[in-house]
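Reading through the structure tokens given below for one structure.
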Amino acid sequence: MSAPTEFTQWRRMRDEGLAVPFGWLSLSSYQWLPEDPGPLKLVPGRWSANATAATATFDPADSVTTPDGDPVYGTLVQSMHEDESMHFIRHGDTLVELGVRGGRYMIRTRERTHPRLKAFTGVPVFDYDPTLIVPGRYTAFHAPKVVPIDSFRPDTRLKTELVGEVEFELAGKRAVLAASQNANGSLTLDFRDATNGEQTAAWRFVTVPAPSADGSVTIDFNRTLNYPMAFSPHAVCPAPVPGNRLEVKVRAGELLPH
């Protein structure tokens, strides 16, 4: 299979993944849980949270169920760690995600009938360009570094674990990007570039297959993706560390959605 054909199939799978009923396109709200029990928008019940757990209380008339459809009433208490999320309850066509971000409990609602889902026809992308598949070299840090980072939400700070740096040349210029590592050994490179705010979102990311034993990697910028923040204001997405900025225009991968 040729590289352009494989890329086209990969793009189709990406668009299909975004269009699932309760996916990123279905986000309809992002709400912090209050200290004192009270109502939230778009969902029934009374909600609250402290430093250790989230609490939600429902009446039988609220018609709340588990994500699988089993009836729920009474008081639910759930403890979670930073950056964890779970599908918590459902109310009709609304799925409620519970999570912890920046040390605070939040919910995010997802609507399976959201207009954004109906209007979605795929993410616009730059034309495939084989010259934007570049070799690089990965150098691991002596030990991973956990550093604070900004997020898409100005009220939320996050942390990321950086495992090393990837050095490469793009458009005739040397570049170095700090990398985080995924469970399968692949690397994630979050970066800003000179297309941001004009053709692309404020930042994007590309996943790089696990480095070879000698540290060599291949970076396919055609596979640069948007974070969910490009599709919805109700996302919390990690910002690149300050040094992960490319001075060139990376005209590859996903454009800013319409």
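To convert, take the position in the sequence shown, counting from 1, and add 126; that gives this note's numbering.
C-beta atoms are modelled at their ideal positions from N, C-alpha and C, and glycine is treated no differently.
When the Cα atoms are used, residue 182 and residue 195 turn out to be separated by approximately 17 Å. Contact between the segment 213-228 and the segment 276-289 is present: 3 or more CB-CB pairs across the two stretches fall below 8 Å. Residue 306 places its beta carbon 8 Å or farther from that of residue 292. Remark: C-beta atoms of residue 133 and residue 254 approach each other more closely than 8 Å.
When the alpha-carbon of residue 304 is set against those of 310, 340 and 262, the nearest one is in 262. The DSSP-derived three-state label of residue 270 is strand. Annotated as proximal: residue 320 and residue 375, with beta-carbon spacing under 8 Å. Residue pairing by DSSP puts residue 173 in a beta bridge opposite 164 and 182. Positions of the alpha helix (DSSP H) runs, each at least 4 residues long and wholly inside the segment 314-342, cannot be given because no such run exists. As the crow flies, the alpha-carbon of residue 151 is around 16 Å from that of residue 381. A straight line joining the alpha-carbon of residue 130 with that of residue 137 spans about 10 Å. In the displayed model, residue 310 falls within coil according to three-state DSSP, outside both helix and strand. Bridge pairing for residue 200: 184 [DSSP]. Membership of residue 243 in the alpha helix (DSSP H) is indicated by the continuous run 241-245. For residue 282, there is no enclosing beta strand (DSSP E), as DSSP marks it with neither H nor E. Sixteen is the threshold: when 16 or more other Cβ atoms of the shown chains lie within 10 Å of the Cβ of residue 236, as they do, the residue is buried. In chain order, 178 and 179 place their CB closer than 7 Å to the CB of residue 205, counting only its own chain and leaving out the 5 sequence neighbours on each side.
Between residue 317 and residue 352, the C-beta spacing is not below 8 Å. Following the DSSP letters along the chain, one finds residue 214 inside the beta strand (DSSP E) bounded by residues 211-217. With the rule of 3 Cβ pairs closer than 8 Å, the segment 264-280 does not count as touching the segment 237-248. Per the coordinates, the alpha-carbon of residue 164 lies some 19 Å from the alpha-carbon of residue 191. Each of 339, 153 and 171 was checked against the Cα of residue 360, and the nearest Cα belongs to 153. In this structure residue 340 is exposed. Its beta-carbon is surrounded by fewer than 16 other beta-carbon atoms within 10 angstroms.
In the structure shown, the three-state DSSP call for residue 356 is helix. Residue 302 has 293 as its beta-bridge partners, per DSSP.
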